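See below for the structure under consideration.
Residue numbers (this note's numbering), protein chains in the order written: chain A, 1 to 387; chain B, 1001 to 1271.
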């Protein structure tokens, strides 16, 4: 397993998931109640029908249904159009985790739902902004209740930047998580903003996220959820799967993921795996005009996508190849970190070259956003691990 | 009341007074705790839990209790509590540390201590104060755990109160105030004891002020035992270092895991 597609809200989403599964470029789908309704509405099939369609495309597909409780209880959430049909997740009719009884009821309802859909059990959780305090205790309480009901369930961790920078407190909390002995972890970094690439200027946060994945992966499979290109770093720290998609809402998780509005402007993008980046087509064409052979190599020997179908195919192929390359370099961080470093060193040489060309849209801001900040966080992690 | 005679004072144990004596002709140890304001309720509850915990075991790897908890003074406002434990033969670990032990003896020690600790961890109890004075080698070679006075049942509310669990030099990163010692913390402490047995030194120096000691505990990865004793077999290095990882998620998570790994190392070293 290496690439998983997160649920999305675009029309045609299910068709594109089936297309990706059929091409074998992705290995699984992670559905969620904010994108797929329990009961069919408008153009959105019910979750049961969606799962049936995905299984019809590929019977062996791994499908997870993330209950996304962290979004439901997040202050400011307004995107209830699909989630509103999942009332079965809250037996008392209100979204609340206030007290052991409500926690137990919610966890049981989540597992009942997942069992009825014949999908693996994924525990709910709440978003954390620090590894101690009432919210962290609530997350542990939920996780222990989930483990009490089913020791094999997948556990979930969703946390903000301040959580990942908490140093020894973070490590102590991860120690508590490890005690759950989960078979699999779904680890989601909650970003402050919705844009991609994410803001990785806080190197300690990236290092803390990677250190956590490293620790959890010693005993469990780890999915680096909503991480896209940055997820390649997570694979080097021990994750064995990366969550991605074709829209920002799939590639990243932020509070905006659970709020309505927006939609953004339509642009066609071109993956450049040689630079660990993705550029709008006009930028890709500018690079192509200046240095065609280099541009072709940076795109992984692909043409600039001429339509969304091409873009999706190239994205999954290039990201999947990279994740696969890192995962196949060894069972854990000790082997994978050197492989990742090799990839980063090659990409840095390519970035230096493309920066020297003075192409509009490929400047220091893009270098920092797509590459340098991620590398600095990785370097901090690797240095601390002495890898 | 406790029927004990021929009392001889032994070393004090934490907040306890400890005496050797005889009860109905059988050698025993009498433990007495004063209940002084303002924490007498906490101390009483801790003593009650310690006696209940010890009474729930009948295994040579955990010291046996020979009486219930006796209240000293006015039952409505007791000034102390006391109970009897079996008097163990052999020697405290503290008397045995200093010279460097043979690697195979250290592997046997880890396996034996982890065996007793397993009994606690299987019941979701954390000892929280594994130190040379709380571990004894019986004459028959059995490693026995004593003094779980700071033990905590993971399902119970903490009653540590004003008492910071652990002994300086023998604390884990989770023992630092604000932390929550768990089974992985006991594993760390076994690692400290094993490190001390192998090298005659402590892996994390407790000297200086408490704040700097706590900072070292939380933020510093101690050196591998191989750096202090180069002839340590690799499998034993991995075992001890695997206890002493600063990050709890990367240690053996509990005594069961540690005991199984130690048994493997012991077998390897005996081949």
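Glycine included, each C-beta is placed from N, C-alpha and C at the ideal position.
Please read all numbers here as calculations on a predicted model, not as lab measurements.
- Task: Output yes if chain B places a C-beta closer than 8 angstroms to the C-beta of residue 19 of chain A; else output no.
- Result: No, residue 19 of chain A lies away from the interface with chain B (no Cβ there is under 8 angstroms from its Cβ).
- Query: Going by DSSP, what residues sit across from residue 249 of chain A in a beta bridge?
  - Reply: DSSP lists no partner for residue 249 of chain A.
- Coarse secondary structure for residue 1036 of chain B, derived from DSSP in three states: DSSP places residue 1036 of chain B in the coil class of the three-state scheme, outside both helix and strand.
- Where in the segment 114-150 of chain A do unbroken runs of the alpha helix (DSSP H), each at least 4 residues long, occur, reported from the N-terminal end onward? 134-149
- Message: I want to verify the contact list: residues of chain A whose CB lies under 8 angstroms from the CB of residue 1055 of chain B, in sequence order.
- Response: In chain order: nothing, as chain A lies at least about 27 angstroms away.
- Message: So that I know if they touch, is there some Cβ in chain B lying closer than 8 angstroms to that of residue 162 of chain A?
- Response: Not flagged as an interface residue toward chain B: residue 162 of chain A, since no C-beta distance is shorter than 8 angstroms.
- residue 1016 of chain B, enclosing beta strand (DSSP E) - first and last residue: For residue 1016 of chain B, the enclosing beta strand (DSSP E) begins and ends at 1016-1023.
- Name the one or two DSSP bridge partners that residue 155 of chain A has. A/185
- Sort B/1197, B/1148 and B/1147 by Cα distance to residue 1106 of chain B and report the nearest one. B/1197
- Item | Partner residues on chain B for residue 187 of chain A, Cβ-Cβ distance less than 7 angstroms | Within chain B, no residue comes near residue 187 of chain A; the closest Cβ sits about 13 angstroms away, beyond 7 angstroms.
- Item | Given 8 angstroms, three or more beta-carbon pairs between the segment 1007-1023 of chain B and the segment 233-242 of chain A | no
- Query: Who does residue 269 of chain A pair with in a DSSP beta bridge?
  - Reply: A/280
- Task: Using 10 angstroms around the beta-carbon of residue 1165 of chain B, count the other beta-carbons present and answer buried if the total reaches 16, otherwise exposed.
- Result: buried
- Query: Would you say residue 1247 of chain B faces chain A, with C-beta separation under 8 angstroms as the test?
  - Reply: yes
- Task: Sort B/1210, B/1184 and B/1144 by Cα distance to residue 1167 of chain B and report the nearest one.
- Result: B/1210
- Message: Is there a C-beta anywhere in chain B that falls below 8 angstroms from the one on residue 168 of chain A?
- Response: yes
- Message: Just to confirm, is the Cβ distance from residue 28 of chain A to residue 61 of chain A under 8 angstroms?
- Response: At a Cβ-Cβ threshold of 8 angstroms, residue 28 of chain A and residue 61 of chain A count as neighbours.
- Interface partners of residue 1253 of chain B on chain A, CB under 9 angstroms: What residue 1253 of chain B touches in chain A, judged by beta-carbon distance under 9 angstroms, is 175, 178, 179, 181 and 219, going in chain order.
- Residue-chain proximity (residue 215 of chain A, chain B), Cβ-Cβ < 8 angstroms: Residue 215 of chain A belongs to the set of residues whose beta carbon lies under 8 angstroms from a beta carbon in chain B.
- Message: Could you pull the DSSP bridge partners for residue 1065 of chain B from this structure?
- Response: B/1085
- Item | Partners in chain E for residue 172 of chain A, counting only beta-carbon separations shorter than 8 angstroms | In summary, chain E is missing from the structure at hand, where the protein chains are A and B.
- Message: I'd like to know whether the C-beta of residue 1218 of chain B is nearer than 8 angstroms to at least one C-beta of chain A.
- Response: yes
- Query: Comparing the C-beta of residue 1184 of chain B with each C-beta of chain A, is any distance below 8 angstroms?
  - Reply: yes
- Item | Secondary structure of residue 1074 of chain B, DSSP reduced to three states | coil
- Nearest to residue 260 of chain A by alpha carbon, out of A/35, A/20 and A/13? A/35
- Length of the line joining the Cα atoms of residue 1193 of chain B and residue 49 of chain A: 59 angstroms
- Under three-state DSSP, which class holds residue 39 of chain A? In this structure, residue 39 of chain A counts as coil in the three-state DSSP scheme.
- Same chain only: Cβ atoms within 6 angstroms of residue 324 of chain A, ignoring 5 sequence neighbours per side: The answer, listed in chain order, is 2.
- Query: Can you tell me whether DSSP reads residue 1080 of chain B as helix, strand or coil?
  - Reply: Residue state, collapsed to three classes: strand.
- Task: Give every residue of the same chain whose Cβ lies closer than 7 angstroms to the Cβ of residue 79 of chain A, excluding the five residues on either side of it in the sequence, and list them in chain order.
- Result: 34, 258, 259 and 260
- Message: Would residue 1069 of chain B and residue 1047 of chain B be called neighbours here (beta carbons separated by less than 8 angstroms)?
- Response: Between residue 1069 of chain B and residue 1047 of chain B, the C-beta gap is smaller than 8 angstroms, which places the two residues in contact.
- Query: What's the gap between the Cα of residue 222 of chain A and the Cα of residue 327 of chain A?
  - Reply: Whole-angstrom Cα-Cα distance: 12 angstroms.
- Measure the alpha-carbon distance for residue 76 of chain A versus residue 296 of chain A and round it to whole angstroms. 44 angstroms
- Please classify residue 239 of chain A: is it buried, with 16 or more other beta-carbons within 10 angstroms of its beta-carbon, or exposed? buried
- Message: Measuring straight from C-alpha to C-alpha, what distance separates residue 381 of chain A and residue 322 of chain A?
- Response: 20 angstroms
- Considering only C-alpha positions, which residue in the set A/155, A/350 and A/169 is nearest to residue 110 of chain A? A/155
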